[in-house]
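Every number in our numbering is 172 more than the matching position in the sequence shown, counting from 1. Glycine included, every Cβ here is placed at the ideal spot set by N, Cα and C. Here's the structure we're looking at; comments come further down.
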Amino acid sequence: MKQIRRHIYFSGRVQGVGFRFTACYLASHLGLTGWVKNLCDGRVEMEVQGTEDYIDLLILRLKEGRYIQIEDMETEELPVQTKESGFRETW
């Protein structure tokens with residue numbers, strides 16, 4: 173299956189609600205790679221790589237989070253990074 177990479181800014185109630193932990197857990201179980209971090213302006217930034225179906229499933233599961241409330245997403249397609257392994261929280 174074709175690999176893609178997306179850069180996403182999430183806004184809404186996305187900090188202090190387990191967003192990064194949940195993203196890391198779900199992404200790892202879906203075999204996705206990339207990273208996630210909080211921004212000073214209250215948004216969460218993510219780069220995620222894998223199949224489009226699994227990336228869409230990750231976002232769907234995040235939206236279903238008990239305390240997470242995604243109000244907006246800014247998404248951009250990026251070139252695939254071939255040497256990346258794992259999904260991590262970064263600062």
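Check whether residue i and residue j have beta carbons under 7 Å apart
i	j	result
W207	T247	no
E217	Y181	yes
G222	T194	no
L230	L211	no
Residue i, enclosing alpha helix (DSSP H) - first and last residue
i	result
R233	224–235
T194	191–202
Residue interval of the beta strand (DSSP E) (run including residue i)
i	result
R238	It is not in any beta strand (DSSP E) - R238 carries neither H nor E in the DSSP assignment.
K209	205–210
E261	259–261
Beta-bridge partners of residue i, as assigned by DSSP
i	result
M245	F182
Distance between residue j and residue i (C-alpha atoms, nearest Å)
i	j	result
Y239	I176	28 Å
M245	S183	6 Å
R185	S200	23 Å
Close beta carbons around residue i, own chain, < 8 Å, minus the five adjacent residues each side
i	result
S257	T205
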